[in-house]
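Line by line, the protein sequences give chains A and B. The first sequence begins at 1 in full-length UniProt numbering and counts up by one. The second sequence begins at 1 in full-length UniProt numbering and counts up by one.
Protein chains: 2
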Amino acid sequence: MTSVEEPAQTNGRLRDAARTRAEILDVATQEFARAGYDGARVDEIAARTRTTKRMIYYYFGGKEQLFTAVLERAYGVIREAEQQLDVEHLDPVAAIRRLAELTFDHHEQHPDFIRLVSIENIHGAEHIAASAKLGRMGSPALEVIRRILAAGQESGLFTADVDAVDLHAMISSFCFFRVANRHTFGVLFGRDLVDPAQRGHYRAMLGDMVIAYLTAERAAD
Amino acid sequence: MTSVEEPAQTNGRLRDAARTRAEILDVATQEFARAGYDGARVDEIAARTRTTKRMIYYYFGGKEQLFTAVLERAYGVIREAEQQLDVEHLDPVAAIRRLAELTFDHHEQHPDFIRLVSIENIHGAEHIAASAKLGRMGSPALEVIRRILAAGQESGLFTADVDAVDLHAMISSFCFFRVANRHTFGVLFGRDLVDPAQRGHYRAMLGDMVIAYLTAERAAD
DNA sequence: TCACTAATGTACGAACTAGTACGTTAGCTA
DNA sequence: TAGCTAACGTACTAGTTCGTACATTAGTGA
C-alpha cells in the first residue's frame, strides 16, 4: 500500500489531487479493515488524513463508493503480485508448491486485504458485484494453475481430476483461514496460527497437503 | 437455533423470562449475522421480537453483552453437535473422513454461525476472549481427532506427523472458506461453492484431501 | 387475597455520524 | 498578469441510534 507520510506537500505542490486521493485510500483501507464497513467512521478517516472530510466526498462521492474504491485497489495489488508469478520452468509438483507458497506469503503479508474480503462477504459481496473493475475479474493465478494442472495430469503425475478453480479454492482456504480466523482460533485453541516461529511449519503443511491430494493413488472412481 | 414462533404466550404465560430471553437471542443472532456487529440495530432486533428494546437491556445489559451471549450460544450448538460424534468403531481412515464430513455438514447448515465467527474475528475476538464460558473452550472434536490420529500413526497408516489442533485447522479451513467467502468467490470466479448440486463434490474433495495428506508417502524429514 | 417483585411497556434524550451549503485559494493558461 | 477552475476548508444539519427514566402489571408466596 503506497503509504504517503511526507511532511506536507509532495513534489512541491500544496494541492495534488493524486496524492490526496491516494492518501484517503490508504487511511480508508486501514480504517475499514480495522472496524468493518459500518464500524468505520468517515470522520476518523478524514482526521487521519492531511485533508478534510469534504475531500472524501469530493473524490469518492460517499462512504459506500469509498469502500468500493478501497476494495478495487486491494484486489489490484494481489492481481499484480500474481502476475509476477513465474513457474513455467518448474516441474508440475514444484510449480504447484511454489504457487501455494506465494499465495501463503501474500495472505500473510496483507492481513488488511483478508479483513476487507471478510467484511465484503458479510455484506454479500455487493460492492464488488457492482464494481465494473471487479466483476468476474478472476485471477491471473488461475491461468497458471490451469497450465500446471494440465501438464501434471497429462504426465500422469497428478491423479486427482480437479479443475483450476477448485484447486485455487483449496489453497486459498488454508491461507485465508489462517489469517482471518487467527483471533478466535487463538482464543479457543490456544494456538496462534500466525506465530512467526510456526510460519515454516504451516507453509510446508499447505504444500504437502496440496501435493498429497494431487498425487494420491485413487481407487477407481 | 430453538426458534420460538408461537402466537403469543407459550405454556399459558404472558410473562416468561426464559421465552423472552430466548426469542431475543434468536432474533439477535439473525440480525448480527446479517449486518455485522456495528451494522446490527438494537431497535431492529427489538422490533422483530414480541417484546421491546427495554427487555434487551433488562436481560443482557447492552448491545455488546448481547452479542457475546449470541456467540456463546452459537458455539454451544456446535459443541453439542460435536459431542454426538461417534467414530470409535471405524478404522482411522474412515473415522477421519467421517469427522471431516460432519464438520463440512455443520458449517453448511449453520451459515449464521460462520458469519458470526467472521464478525468476531474482525473485532479481534474480544468478546469470546472476555467470555468466561468461551475462553479456551476448545472443541470436543479435538479429543476425537487426537485419538484417531494416535491410532492411525501407531498402525503406520498415517505418515504425516501432524497434531490434532493443526488437523482441525486444516479441515475447518476448507469448510469455513467455502461458506464464508462464497459471495466474493462467486462474483470473482463465477462459481458458487455452496451450489447444492456440487455439495457431494466438495464433500468428497475435502475427505480426499485430508486422507491424502495423512497417508502420503513422505520423503525422509 | 394482598402485597411484593420480576417482568414489561412508553416515551424520551444525548451523542454521534453521514452528508452538504457555502466560501476560499492555488496554480495553470491565455 | 488576469482570470478561471480544480482543489480545498469550515461550519452546519438532519437523521439515526444506543441507552434510560419512569410508569405499569402479571404472577407468586405468605
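C-beta atoms are modelled at their ideal positions from N, C-alpha and C, and glycine is treated no differently.
Looking at chain B, is there any beta carbon in it that lies within less than 7 Å of the beta carbon of LEU188(A)? Within the first sequence, the letter at position 188 stands for residue 188(A). Using a CB distance cut-off of 7 Å, LEU188(A) counts as an interface residue toward chain B.
Euclidean distance between Cα positions of SER139(B) and GLY124(B): By 1-based counting over the second sequence, the position of residue 139(B) is 139. By 1-based counting over the second sequence, the position of residue 124(B) is 124. In a straight line, the C-alpha of SER139(B) is about 20 Å away from that of GLY124(B).
Quick one: which chain B residues come within Cβ less than 7 Å of LEU193(A)? Within the first sequence, residue 193(A) is the residue found at index 193, counting from 1. Within 7 Å Cβ-Cβ: ALA169.
Segment contact flag, the segment 158-170 of chain A with the segment 108-115 of chain B, C-beta cutoff 8 Å, min 3 pairs: Output reads no: the segment 108-115 of chain B does not touch the segment 158-170 of chain A.
Kindly give me the distance between the Cβ atoms of ALA212(A) and TYR213(B), rounded to whole angstroms, as I take these residues to be in contact under 8 Å. The residue labelled residue 212(A) in the question sits at position 212 within the first sequence. The residue labelled residue 213(B) in the question sits at position 213 within the second sequence. So it is a contact: roughly 5 Å between Cβ atoms.
From PRO111(B), GLY200(B) and ALA69(B), pick the residue whose C-alpha is nearest to that of PHE177(B); which is it? Residue numbering aside, residue 177(B) sits at position 177 when the second sequence is read from its first letter. Here the closest residue by C-alpha is PRO111(B).
At the level of alpha carbons, what is the spacing between ARG48(A) and GLY62(A)? Translated into positions along the first sequence, residue 48(A) becomes position 48. Translated into positions along the first sequence, residue 62(A) becomes position 62. Going by C-alpha positions, ARG48(A) is about 17 Å away from GLY62(A).
For the structure I just gave you, are there three or more beta carbon pairs, one from the segment 90-102 of chain A and one from the segment 149-162 of chain B, closer than 8 Å? With the rule of 3 Cβ pairs closer than 8 Å, the segment 90-102 of chain A does not count as touching the segment 149-162 of chain B.
Given that a residue counts as buried once 16 or more other Cβ atoms are within 10 Å of its Cβ, and exposed if not, what is PRO196(B)? In the second sequence, counting from the first residue as 1, residue 196(B) sits at position 196. Exposed is the call here.
Is residue 263(A) close to chain B? Criterion is C-beta to C-beta, closer than 7 Å. For residue 263(A) there is no data in the structure shown, the boundaries of chain A being 1 and 221.
Applying the criterion that 16 or more other CB atoms from any shown protein chain within 10 Å of the CB defines a buried residue, is ARG54(B) buried or exposed? As a working mapping, residue 54(B) is identified with position 54 in the second sequence. ARG54(B) is exposed by the Cβ-count criterion.
Note down, in chain order, every chain B residue with its Cβ under 7 Å from the Cβ of MET137(A). Mapped onto the first sequence, residue 137(A) falls at position 137. Those are LEU188, listed as they occur along chain B.
Which chain A residues sit within Cβ distance under 8 Å of GLU120(B)? Within the second sequence, residue 120(B) is the residue found at index 120, counting from 1. Below the 8 Å Cβ cutoff, chain A contributes HIS183 and THR184 as neighbours of GLU120(B), in chain order.
Compute the distance between the beta-carbons of THR184(B) and ASN181(A), then report whether it is under 7 Å. Working through the second sequence from its first residue, we reach residue 184(B) at position 184. Working through the first sequence from its first residue, we reach residue 181(A) at position 181. No; because the gap between Cβ atoms is not below 7 Å, this pair is not in contact.
On the criterion of 16 or more Cβ atoms from any shown chain inside 10 Å, does ALA40(A) qualify as buried, or is it exposed? Taking the first residue of the first sequence as 1, we reach residue 40(A) at position 40. With 16 or more other Cβ atoms within 10 Å, it is buried.
If you run the structure through DSSP and keep just helix, strand and coil, what is ASP192(B)? Translated into positions along the second sequence, residue 192(B) becomes position 192. Coil at ASP192(B), not helix or strand.
Let's test the definition: count the other Cβ atoms within 10 Å of the Cβ of VAL210(B) and tell me whether it reaches 16, buried, or not, exposed. As a working note, residue 210(B) is residue 210 in the second sequence. By the neighbour-count rule (16 or more Cβ atoms within 10 Å), VAL210(B) is buried.
Where ALA129(A) and ASP192(B) are concerned, what is the direct C-alpha to C-alpha distance, given to the nearest angstrom? The count along the first sequence starts at 1 and reaches residue 129(A) at position 129. The count along the second sequence starts at 1 and reaches residue 192(B) at position 192. C-alpha of ALA129(A) to C-alpha of ASP192(B): approximately 14 Å in a straight line.
Rounded separation between ALA216(B) and GLY156(B) - CA only: As a first step, residue 216(B) must be located in the second sequence, where it is residue number 216. As a first step, residue 156(B) must be located in the second sequence, where it is residue number 156. Each residue's alpha carbon lies about 11 Å from the other.
Report buried or exposed for ARG15(B), applying the criterion of at least 16 other Cβ atoms within 10 angstroms of its Cβ. Position 15 of the second sequence holds residue 15(B). Answer is exposed; the Cβ neighbour count stays below 16.
Looking at PRO92(A) and ILE145(A), is the spacing between their C-beta atoms short of 7 Å? Indexing the first sequence from 1 puts residue 145(A) at position 145. Indexing the first sequence from 1 puts residue 92(A) at position 92. PRO92(A) sits away from ILE145(A), with the two beta carbons spaced by 7 Å or more.
Interface residues of chain B around VAL117(A) at Cβ under 9 Å? If you number the first sequence from 1, residue 117(A) lands on position 117. Listed along chain B, the residues sitting closer than 9 Å to VAL117(A) by beta-carbon distance are ASN181 and THR184.
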